[in-house]
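A.B. asks: So the protein sequences, as listed, match chains A and B. So for the first sequence, my numbering puts the first residue at 1; every next one is plus one. So for the second sequence, my numbering puts the first residue at 1; every next one is plus one.
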Amino acid sequence: MRPDRAGRRRAVAGYTAAILLASVMLIPFLWMLSTALMDEFEVFQYPPPLLPADPQWANFPNALTQLPFARFFLNSGILAVCMVLGQTLTGALGGYAFARFRFAGRGAVFAAYLGALMVPAIVLLIPRFLLIDALGGVDTIAGLVSTELVSVWGVFLLRQFFLSLPRETEDAARVDGASEWTIFWRIALPLARPALATVALFSFIDAWKSFLWPLVVTQSLEMRTVEVGIASFHGLYYANWPYQMAAAVTALIPVLVAFLASQRFFTRGIQLTGIR
Amino acid sequence: MASVRLERIAKRFDAGGTPAVDGVSLEIADGEFTVIVGPSGCGKTTVLRMIAGLEGPTAGRIFIDGTDVTDLPPRERDIAMVFQNYALYPHLSVRENIGFGLRMRRVDPVDIARRVDRIAESLEIGVLLDRRPAQLSGGQRQRVALARAIVREPAVFLFDEPLSNLDAQVRAQTRGELVRLHRRLGTTMIYVTHDQVEAMTMAQRVAVMHKGRVEQFAPPLDVYRAPSTLFVASFLGSPTINRFAGRVLPDGTSQRFDGGVRLRVEAPLAEVATLAVRPEHLNLVAPTEGSAGEVTLVEPLGPETILHVRLTGGEQATLRLGAGTTPAVGDTVGVSVRATEALVYDARGRLMGRGVA
Ligand SMILES: Nc1ncnc2c1ncn2[C@@H]1O[C@H](COP(=O)(O)OP(=O)(O)OP(=O)(O)O)[C@@H](O)[C@H]1O
Ligand SMILES: [Mg+2]
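#1: Should PRO220 of chain B be labelled buried (16 or more other beta-carbon atoms within 10 Å of its own) or exposed?
#2: So what does GLN316 of chain B bridge to, in DSSP terms?
#3: Would you list, in chain order, the members of the region 29-56 of chain B that have their beta-carbon closer than 9 Å to a beta-carbon of chain A?
#4: Quick check on LEU281 of chain B: buried or exposed, where buried means 16 or more other Cβ atoms within 10 Å of its Cβ?
#5: Is MET32 of chain A helix, strand or coil by DSSP?
#6: Check whether the Cβ of THR45 of chain B sits closer than 6 Å to any heavy atom of ligand 2, and report yes or no.
#7: Determine, using beta carbons only, whether HIS194 of chain B comes closer than 7 Å to chain A.
#8: Just to confirm the assignment, what range does the beta strand (DSSP E) spanning LYS11 of chain B have?
#9: Assuming ASP39 of chain A contacts GLN66 of chain A under a Cβ cut-off of 8 Å, what Cβ separation, rounded to an integer in Å, is found between them?
#10: Compare the Cα-Cα distances from ALA317 of chain B to each of B:THR296, B:GLU304 and B:PRO57 and report the closest residue.
#11: Please tell me whether ALA113 of chain B has its Cβ less than 7 Å away from any Cβ of chain A.
#12: For a contact defined as C-beta to C-beta under 9 Å, what are the partners of PRO194 of chain A on chain B?
#13: Should HIS182 of chain B go down as buried or exposed, given a rule of 16 or more other Cβ atoms within 10 Å for buried?
#14: Could you list which residues in chain A have their beta carbon closer than 8 Å to that of TYR89 of chain B, in chain order?
#15: Rounded C-beta distance between VAL4 of chain B and ILE190 of chain B? I'm assuming under 8 Å.
#16: Would you call the region 200-218 of chain B and the region 53-67 of chain B touching, i.e. three or more CB-CB distances under 8 Å?
#17: Any heavy atom of ligand 1 closer than 6 Å to the beta-carbon of GLY94 of chain A?
#18: In chain A, which residues lie less than 9 Å from ILE79 of chain B when you measure between Cβ atoms?
#19: Hey, how far is the Cα of LEU196 of chain A from the Cα of ILE36 of chain B?
#20: Run the CB neighbour count on GLU289 of chain B, radius 10 Å, all protein chains shown included, and call it buried at 16 or more, exposed below.
#21: Compare the C-beta of PRO190 of chain A against all C-beta atoms of chain B and say whether one is closer than 7 Å.
#22: Just to make sure I have the definition right: I need the residues of chain A whose C-beta is within less than 7 Å of the C-beta of GLY101 of chain B. Which are they?
#23: Taking CB distances under 7 Å as the criterion, tell me whether ARG105 of chain B reaches chain A.
#24: For THR182 of chain A, go through chain B and note every residue whose CB falls closer than 8 Å to its CB, in chain order.
#25: 7 Å is my cut-off, CB to CB: does ARG95 of chain B come that close to chain A?
#26: Report the rounded CA-to-CA distance for SER40 of chain B versus THR201 of chain B, giving the unit in angstroms.
#27: Would the beta-carbon of SER164 of chain B be found less than 6 Å away from any heavy atom of ligand 1?
#28: Closest by CA to MET32 of chain A, which one among A:ASN75, A:ASN59 and A:PHE162?
#29: Going along chain A, which residues have a C-beta under 9 Å from ASN85 of chain B?
#30: Can you tell me whether DSSP reads ARG125 of chain B as helix, strand or coil?
#31: State the beta-bridge partners of TYR345 of chain B as determined by DSSP.
#32: Can you find a CB in chain B that lies within less than 7 Å of the CB of THR273 of chain A?
#33: Starting from SER76 of chain A and walking both ways along the alpha helix (DSSP H), at which residues does that stretch end?
#34: Please list the terminal residues of the continuous alpha helix (DSSP H) segment that includes VAL150 of chain A.
#35: Got a sec, what are the start and stop residues for the alpha helix (DSSP H) ILE429 of chain B sits in?
#36: Could you check which residue in B:LEU275, B:VAL192 and B:VAL285 has the C-alpha nearest to that of ILE51 of chain B?
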């Protein structure tokens with residue numbers, strides 16, 4: 001067999017697999033979109049229709065005004081910005097310290113960090129709530145945000161990344177007269193851009209889709225986040241599926257934008273670190 | 001401009017382990033070009049990094065220009081260093097790479113631009129100033145690294161095998177350029193290499209290191225002619241120096257060494273001794289006049305020929321012969337030692353005497 005034909009056959013197989021996988025990912029989204037455009041009763045027909053008979057574009061404005069979604073988006077946005085900035089900054093500082101500085105107990109502290117990765121978030125829910133409550137932070141932005149500013153995973157990923165950078169670049173800067181802070185800001189951090197983008201993207205997605213913590217720590221309607229808002233279509237309005245899906249589709253847009261914007265960095269970050 | 005003095009500096013990376021550097025003392029004069037040479041892992045880089053302040057010695061003091069800098073960070077030492085892999089800043093342009101050190105020292109930006117341009121011009125990398133390091137060839141990167149060091153006009157230059165990643169031709173050319181640069185600037189330079197050609201051709205004085213210690217510190221030809229230890233004798237010179245085991249007895253006349261080598265030596269009595277003779281100090285003679293042996297390999301190099309001979313006792317001898325007729329493989333030949341050039345080492349490998357005519 002000629003090698004180019006073997007190559008083509010392999011490419012065809014590869015693309016087929018990729019297309020199948022992509023469809024598996026895409027179908028729920030398309031279904032969600034389709035449901036968002038159905039009318040309230042069409043959803044419950046049997047067998048369920050694939051496409052709405054008469055697309056209800058009004059579902060979008062109706063769903064988004066039924067509850068104060070503008071406010072929810074603002075809250076989610078604040079949470080997301082704080083988490084992205086907080087987690088990349090603390091991740092970079094912590095990761096750099098673990099990768100580059102020798103200090104007493106470094107191994108033990110790092111092991112404790114790794115241990116914390118094993119603790120399921122749900123176990124921490126109540127202690128976190130009690131802590132924030134004791135500090136008077138329930139139902140405030142500060143309360144919502146403050147326990148989310150550090151990501152153990154982010155520290156870990158950035159540590160691995162800094163370890164993979166050659167120390168000599170930093171040594172050259174040291175000889176060139178740079179202080180340790182300058183080396184961190186001007187040399188190490190710019191070189192870590194792909195890893196920082198990866199951490200930032202994951203923080204953003206984490207923030208945007210977080211549900212349980214905002215549900216617990218916020219109480220008044222105007223402190224709710226988008227996810228919590230979407231969920232409240234259940235029960236309140238006897239499960240209005242099209243409204244819920246319309247809100248969910250809208251909520252997806254920032255995630256898509258964030259992913260597309262950082263895709264280049266982000267795939268490189270995965271290649272570079274080989275984790276997650 | 002500055003002298004550099006190392007006072008018994010040592011470095012142990014892990015407590016209890018073998019030291020990477022074990023009591024090195026060197027006095028390097030202002031403006032001197034010193035080469036530190038030695039096999040891989042002998043501690044050359046570690047010594048250089050301690051002079052730079054990138055590594056703290058576990059013992060000993062370091063003086064630059066008479067000032068004790070042992071506890072000073074690199075930026076307060078007025079040194080510049082060229083790293084083996086150049087360690088350029090990948091995210092900065094060549095211009096920013098070269099100017100980085102000046103910026104750190106808060107030099108006026110106009111002044112920085114002028115100095116960067118001038119250095120780039122003199123190293124012929126002017127057209128590369130707006131490129132990133134990734135867009136440069138190995139030789140160009142090396143020049144940028146050099147420019148980054150020179151532009152700061154430091155008191156001492158440190159080089160860690162700066163030529164080892166270059167191909168042979170560029171390396172030979174850059175060797176010459178570095179020597180000219182040294183002559184022009186007159187700045188103290190400490191240059192680490194494991195390449196004996198670089199050590200011999202560039203240095204005013206060579207420090208030969210072995211297992212964390214300096215075995216000899218002297219001008220290159222002195223080191224070559226009178227290596228103070230057997231290690232130094234074997235490390236420098238290609239082909240490797242010939243060694244014949246034996247002892248030094250009191251009879252004062254002729255001493256016998258392995259391979260049937262006989263000569264008079266001037267050395268203290270020793271039960272165990274080694275005679276070391278450079279390949280160019282072995283003469284080809286009639287089999288009856290010297291140690292007899294059989295030619296096992298002939299390597300004609302053009303201007304000279306390397307002859308490998310197996311002596312009757314099984315010892316190998318290597319001879320460097322001038323151009324002319326040479327024996328063929330399988331021939332029986334005689335080998336004699338040019339006595340005054342023969343070196344005698346004691347059981348611990350220290351030079352203790354020489355042959356006499
Ligand atoms: N950071 C470090 N941690 C632990 N050991 C080290 C460290 N740096 C160097 N060593 C050890 O110290 C010894 C000397 O190393 P050094 O790098 O100075 O050798 P070198 O003479 O420069 O060798 P080469 O010619 O291979 O560059 C080696 O045994 C090395 O393994
Ligand atoms: Mg080295």
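Note that the Cβ used here is the ideal one computed from N, Cα and C, for glycine as well.
C.D. replies: Well, looking at it:
#1: PRO220 of chain B is buried by the Cβ-count criterion.
#2: B:ARG310
#3: ARG49, ALA52, GLY53 and LEU54
#4: Residue 281 of chain B is actually His in this sequence, not Leu. Classification for HIS281 of chain B: buried.
#5: helix
#6: yes
#7: no
#8: 4-11
#9: Their Cβ separation, rounded to whole angstroms, is 15 Å, which puts ASP39 of chain A and GLN66 of chain A out of contact at 8 Å.
#10: B:THR296
#11: no
#12: None at all; the shortest Cβ gap to chain B is about 12 Å.
#13: buried
#14: THR169, ALA172, ALA173 and ILE187
#15: Contact flag correct, Cβ pair sits at about 7 Å.
#16: no
#17: no
#18: VAL175
#19: 41 Å
#20: Around the beta carbon of GLU289 of chain B, fewer than 16 other beta carbons lie within 10 angstroms, which makes this residue exposed.
#21: Interface residue, yes.
#22: ASP176 and GLY177
#23: yes
#24: MET104
#25: no
#26: 20 Å
#27: no
#28: Minimum Cα distance to MET32 of chain A is reached at A:ASN59.
#29: In chain order: PRO166 and GLU168.
#30: The question names Arg, yet the displayed sequence has Ile at residue 125 of chain B. Looking at ILE125 of chain B - three-state DSSP - the assignment turns out to be coil, as it is neither helix nor strand.
#31: DSSP lists B:THR274 and B:LEU351 as partners of TYR345 of chain B.
#32: For THR273 of chain A, the pLDDT reaches just 47, beneath the cut-off of 50, and the residue's location in the model is therefore unreliable, although a value from the coordinates is still provided. No, THR273 of chain A lies away from the interface with chain B (no Cβ there is under 7 Å from its Cβ).
#33: Membership of SER76 of chain A in the alpha helix (DSSP H) is indicated by the continuous run 69-100.
#34: Neither: VAL150 of chain A is in no alpha helix (DSSP H) and is coded neither H nor E.
#35: Because residue 429 of chain B is not part of the residues shown, which for chain B are 1 to 357, the question remains open.
#36: Cα-wise, what sits closest to ILE51 of chain B is B:VAL192.
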